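A.B. asks: Below you will find the structure I want to go over with you.
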Amino acid sequence: MDTGRTYFVDPVLPEPGQDITKIRIFNSLAQIDLQARFKLGPTTSTSDIHRFVLEKHKSRTLDADKILRKIPLSQNLFVSSNQDIPTNDIGILINGVQVRSPISDNQIYFGPLESVDLLNGGSGYDVVNPPIVGIETSTGIGAAVEPIIQGTVKEVFVDPQEFDIDAVQSISLTGGNGSGCLLQPILGNRNRELQFDSRDVFFNGGVDIVNETITFKTEHNLDNGQIVYYGSNGNAPIGIGTAYDLLNQVSGRLSDGSPYFVRSVNSSTVRLFNTRNDALFGTAGINTVGLSTDTSASGIHKFRTESKKTLVAVKVLEEGSGYTHRKLRVKPTGISTSLNVVTFKNHGFESGEIVEYSAETTAIQGLSTTSSYYIKKLTNDTFQLADAGIGGTSTVDYNRGKYANFTTSGEGFQIFNYPQIKVNVDVSYGSTITGDIVATPVVTGELIGGYLYEEGTNYGSTTLDKEVVPKVTIENGKFAEFKPIIVNGRITDVAVVNRGREYNSAPEIRVISTGTGAGAVVRPVIENGQVIDAIVTNTGIGYSSVATEVRAFSRGSNGTYAARVRSLTLNNTHRFGDSFLSTKEDSLRFSILGYSQDIANNFESTFNVTSSGEFNNIIGHSPIVGWAYDGNPIYGPFGYSDPANINSDLKIIQPSYVTDINRVTNRPPGYSAGFFVEDHVYNGTGDLDIHNGRFGKTPEFPNGVYAYFSTVGLGTGTNKLEGQYPYFIGNTYRSPFIAENQILNQEFDFNNSGLRRNTLPYNVDEKFAGNDFVIESYEQIRQISKIESVTEGGVDAITILNGGDGYKVGDLTDFDDTGTNGSGFRAEVDEIVGIGISSINTTLTSFENAVFEWKSGTEVVANYLPFIELNNKDAVSISGLSSSIVNLTDSFNIGVKTDRIGLAKSMTIGAAGGLIQDIYVTRIPNSVAIGGSLRVGSGNVSNANDIETLQSIKCIST
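Our numbering applies: residue 768 is where the sequence shown begins, and numbers increase by one.
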């Protein structure tokens, strides 16, 4: 080994409970995972001492820390902060030693993947059939990513139809939450060729000489009575004779180009007739074309239909935009049955978007896999679902804010994806034979993101600060090979010679001709990552077998993802103890990480210890031991059990953070609980808040102060005070960090700086002025003053030393001015302080069974019999209404309408209730109703009836 050379070490993990005493030595960081360790030979002397020093401690010189820190004289608790504490200095002790965060700059990158980030979106990726994103398994296993792709419509493949159409009624492209695509159907005439094997069915051919039928290789899609034309395809024609002739005698042959009429036996089998009428209405065996063949018959024969309309192509007039593949897989843990909310970090959905739902294993009860749903985005990580019905056509639930109710979380992945992108073609058929038109859209674009829906395990490295990142690949297919089948210059078929692999996206198949061939179009069919078929949608013309080849080109290029392995931050206090040496230029600086019994002995005498040095009991509240860099004080570990009561018992103040080794899943081997910052979690069960502080009374602040506490526990086996996470301050400050505490120091030398001070702003030449930082003569020589004369003057103001009692505003004062040589001084009481209010009594008046009536969208009238004693703008509280009327159950200021009417004739109020009489008035207002009450003077009467024509009211005295 070479003195002064840097080596890397790997500790040999001991048995549980034992200290690390052995290390392995390596020349480089990369060699640790390879276990290419440095081999040591014997030394020449067994008495020499060899020393290994941490690289950051190599200077071995401890120097002073010339810091200057700013602490405010008062707190402003109305301004709060959740600013993360830095990984370096977070406070200062009263002896000038800085408090350092336990959060280390060192990390271990091991375990599941934390994210897969998109670095380059690339171009040309298939939106309809997205590629597979693969993650190498050299260092881990199980991670899975679903790409998110957005693009435009480039073209539409139309497969040949084995049926006839009359017209295209409509054509559109839907799905993917995109818009703007405009398509144009192109119709053309064509005749269909139906091939059959000329051998007898006994030899697996297509000719049945017993039942007089021909069976085609595919479904024929022929109507009864439809005309077809025979073609021997260069082979000997099929023999014919009398139908159902047991001797199978040949009397003629089918003629090339001759017309025949068919009667369908099943979807692929027909009988032949010479006339349409026989095919439609004839009896089997009568006028049926009898078939005859022999054992030497061979070759493929065919029938050709008449020329009919067909959909030959679809032209893309407008590509549209925003067509997206977005498929989100959510684990059952992300389904909340109490809130009916789906949770996935950065889900990417927006309110109003349509999604389809499916389940990998068991669906969520409350959702249907046949319905579509509208998204209601709550946050970037949560959303709800509103039923949009089959096909996503209903907006009722979404507009009403009615969202799906989850009664279970399902099993396996719950899948939410944009609707499938597809071409919808509505046609009218040219016969009774119908079918489905296969129109395949080609939508390509760029990667816009990705979902890491399975994090995997064991990625990365257990070596300190070594980040081994797995490679992320985009699998868009390779190695597929094809051979064209060319007949008469047309490509009638394409054989798949090599299916290839990794084809999750359909490749682009190009027909390359070095001759005159042109126009052929081929659509690939993929299944399980392979090309299983190639469908010729346009045969083209002019091709030759020697000058034509078919190649597959994978869709998409230049897309790049980068994986990030979960990082675990080391707890420096757990690693190094209560003190820490850090590097500062060419020297070391000392700081404190945690509070222990040894450190406490230097700052407080608030506890007793036993003769063996163990902690015994508390005898006082801890003093301030330091200040955090947000300006709040730091106390020792002892405080009042009730922060608002200085007479409550003293106790060791407990943090609200707990250590849970299970919080770190897929944990690196050999690291004990508490070794990582992530092992600790705030649960609110202790005395302190998430910042590791509280507001309470202390000896220094009897009215209360927000302060951090040095948190400790009793060591196992030692019964001494030991630091307990988070030691001084939680993961965040309570108050805003004071930025000057990051930059202020005492290293500037004013005396040798060459600066000259301008003392004019100090006003030292003013009368009675002084400045502590400027040398002034009176500070050096004692000044003696003698009063030589005084001047007369008046009294400008007085100060009240004792307010007394019994005074009122306006009272005059009388001053004794004896011996002052002055006179006429008077003062008047301008303001007094009254007696404090100790209590306020209130009475609650309720009016039950009131009837509410809607007058308009913003006005409701309450009716109550016999009357309501309320005034205009009184505050009332309304309750007891139906739960469906949510906006009326509240407090309001009311409006009371008062109508005053005059008597047209005198009336009498009886001494006792029950007197009935008619009251004649000048008018009857709209507010008077039967059963209501009227106030007459200081009494009340009840309205029994009103006769508007006579302007009289029948009243009963109450």
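We put the beta carbon where it would ideally sit given N, CA and C, even for glycine. All values reported here derive from a predicted model rather than from experimental measurement.
With H, G and I counted as helix, E and B as strand and the rest as coil, what does DSSP make of His1341?
C.D. replies: Note: His1341 maps to helix in three-state DSSP.
A.B. asks: Phe1183 and Tyr1124 look like a contact to me (Cβ under 8 angstroms); what is the Cβ gap, rounded to whole Å?
C.D. replies: About 6 angstroms separates the two Cβ atoms, so the contact holds.
A.B. asks: Thinking Tyr1011 and Glu979 are a contact (beta carbons under 8 angstroms), I'd like their distance in whole angstroms, please.
C.D. replies: Indeed, because the Cβ distance is near 6 angstroms, the residues count as touching under 8 angstroms.
A.B. asks: Would you mind reading off the limits of the beta strand (DSSP E) that contains Tyr1165?
C.D. replies: No beta strand (DSSP E) holds Tyr1165; the alpha helix (DSSP H) holding it covers Val1163 to Arg1167.
A.B. asks: Of the residues Thr1485, Phe1462, Val935 and Gly1662, which one's Cα is nearest the Cα of Val1376?
C.D. replies: It is Thr1485.
A.B. asks: Could you pull the start and end residues of the beta strand (DSSP E) that Phe1357 belongs to?
C.D. replies: From DSSP, the beta strand (DSSP E) with Phe1357 extends over Ser1354 to Ile1359.
A.B. asks: What is the rounded straight-line gap between the Cα of Glu1467 and the Cα of Asn1384?
C.D. replies: So the alpha carbons of these two residues sit roughly 22 angstroms apart.
A.B. asks: Pick out whichever of Ile1697, Ile1188 and Ser1311 has its Cα sitting closest to the Cα of His1092.
C.D. replies: Ranking Ile1697, Ile1188 and Ser1311 by Cα distance to His1092 puts Ile1188 first.
A.B. asks: Tell whether a beta-carbon distance below 9 angstroms holds between Ser1415 and Tyr1407.
C.D. replies: Yes. Within cutoff.
A.B. asks: Quick one: any contact between the segment 1360–1374 and the segment 886–898, if contact means 3 or more CB pairs under 8 angstroms?
C.D. replies: With the cut-off at 8 angstroms, the segment 1360–1374 and the segment 886–898 do not touch.
A.B. asks: Please determine, among Thr1283, Leu1021 and Ser939, the residue with the shortest C-alpha to C-alpha distance to Val1192.
C.D. replies: The shortest Cα separation from Val1192 among Thr1283, Leu1021 and Ser939 belongs to Ser939.
A.B. asks: Any idea if Tyr1473 is buried or exposed, counting beta-carbon neighbours within 10 angstroms, 16 or more meaning buried?
C.D. replies: Flag for Tyr1473 reads buried.
A.B. asks: Leaving aside the five residues before and after Asn887 along the sequence, list all residues of the same chain whose C-beta is less than 7 angstroms from its C-beta, in chain order.
C.D. replies: Same-chain partners within the cutoff: Asn1325, Gly1326 and Thr1327.
A.B. asks: Per DSSP, Leu829 is paired with what?
C.D. replies: Bridge partners of Leu829: Leu1355.
A.B. asks: Using C-beta distances below 6 angstroms, list every residue in its chain close to Leu780, excluding the 5 sequence neighbours before and after it, in chain order.
C.D. replies: Correct list, in chain order: Gly1437.
A.B. asks: So Glu1489 and Gly1480 are in contact, right, with Cβ under 8 angstroms, and what is the actual spacing, rounded?
C.D. replies: Indeed, because the Cβ distance is near 6 angstroms, the residues count as touching under 8 angstroms.
A.B. asks: Suppose you measure from the CA of Lys1094 to the CA of Glu913; what does that come to, to the nearest Å?
C.D. replies: Those two C-alpha atoms are separated by around 7 angstroms.
A.B. asks: Could you check if Arg1290 is buried or exposed, using at least 16 other CB atoms within 10 Å of its CB as the buried criterion?
C.D. replies: Label assigned to Arg1290: buried.
A.B. asks: So Tyr1170 and Pro879 are supposed to be a Cβ contact under 8 angstroms. How far apart are they, rounded?
C.D. replies: So it is not a contact: roughly 32 angstroms between Cβ atoms.
A.B. asks: Give me the DSSP bridge partner(s) of Ala1474.
C.D. replies: Looking at the DSSP assignment, Ala1474 forms a beta bridge with Arg1461.
A.B. asks: So, with DSSP's three-state summary, where would you put Gly771?
C.D. replies: Here Gly771 sits in coil by DSSP.
A.B. asks: Can you check which of these residues, Asn1033, Pro869, Asp830 and Ile916, is closest to Thr1499 by C-alpha distance?
C.D. replies: Nearest option by C-alpha distance: Pro869.
A.B. asks: Starting from Arg1277, follow the beta strand (DSSP E) in both directions and report where the run begins and ends.
C.D. replies: That run of the beta strand (DSSP E) goes Glu1275 to Ser1280.
A.B. asks: Looking at the unbroken alpha helix (DSSP H) that takes in Ile1652, where does it start and where does it end?
C.D. replies: Note, Ile1652: premise wrong, no alpha helix (DSSP H); not H, not E.
A.B. asks: With distances taken Cα to Cα, identify the nearest neighbour of Thr1587 among Asn1166, Val925 and Gly1561.
C.D. replies: Considering only alpha carbons, the answer is Gly1561.
A.B. asks: Output needed for Thr1175: all residues of its chain with C-beta closer than 7 angstroms, excluding positions within five of it in sequence on either side, in chain order.
C.D. replies: Same-chain partners within the cutoff: Thr1104, Ile1131 and Gln1132.
A.B. asks: Go through the segment 873–919 residue by residue and report every complete run of the alpha helix (DSSP H) that reaches 4 residues or more, in order.
C.D. replies: Whole alpha helix (DSSP H) segments, 4+ residues: zero.
A.B. asks: With Asn1265 as the anchor, note down where its beta strand (DSSP E) starts and where it stops.
C.D. replies: Residues Arg1257 to Asn1265.
A.B. asks: Can you give me the C-alpha to C-alpha distance between Ser1590 and Asp1597, rounded to a whole angstrom?
C.D. replies: C-alpha separation (whole angstroms): 22 angstroms.
A.B. asks: For Ser1727 and Glu1127, I'd like the C-alpha separation in whole angstroms.
C.D. replies: Here the chain has residues from 768 to 1725 only, and residue 1727 is not among them.
A.B. asks: How many angstroms separate the CA atom of Ile1551 from the CA atom of Gly1521?
C.D. replies: Their backbone Cα atoms lie some 37 angstroms apart in a straight line.
A.B. asks: Just to confirm, is the Cβ distance from Phe1619 to Ala1642 under 9 angstroms?
C.D. replies: The answer is no: Cβ separation not under 9 angstroms.
A.B. asks: Our contact map puts Arg1268 next to Phe1246 with C-beta atoms below 8 angstroms; I'd like the distance itself, whole angstroms only.
C.D. replies: Right, the Cβ-Cβ distance comes to about 6 angstroms (below 8 angstroms), so this counts as a contact.
A.B. asks: Check Ala1395 in the structure and name its three-state DSSP category.
C.D. replies: If DSSP states are grouped into helix, strand and coil, Ala1395 belongs with the strands.
A.B. asks: Run the CB neighbour count on Asn1338, radius 10 Å, all protein chains shown included, and call it buried at 16 or more, exposed below.
C.D. replies: So Asn1338 counts as buried.
A.B. asks: Measuring straight from C-alpha to C-alpha, what distance separates Val1541 and Glu1533?
C.D. replies: Looking at the two C-alpha atoms, the distance is approximately 14 angstroms.
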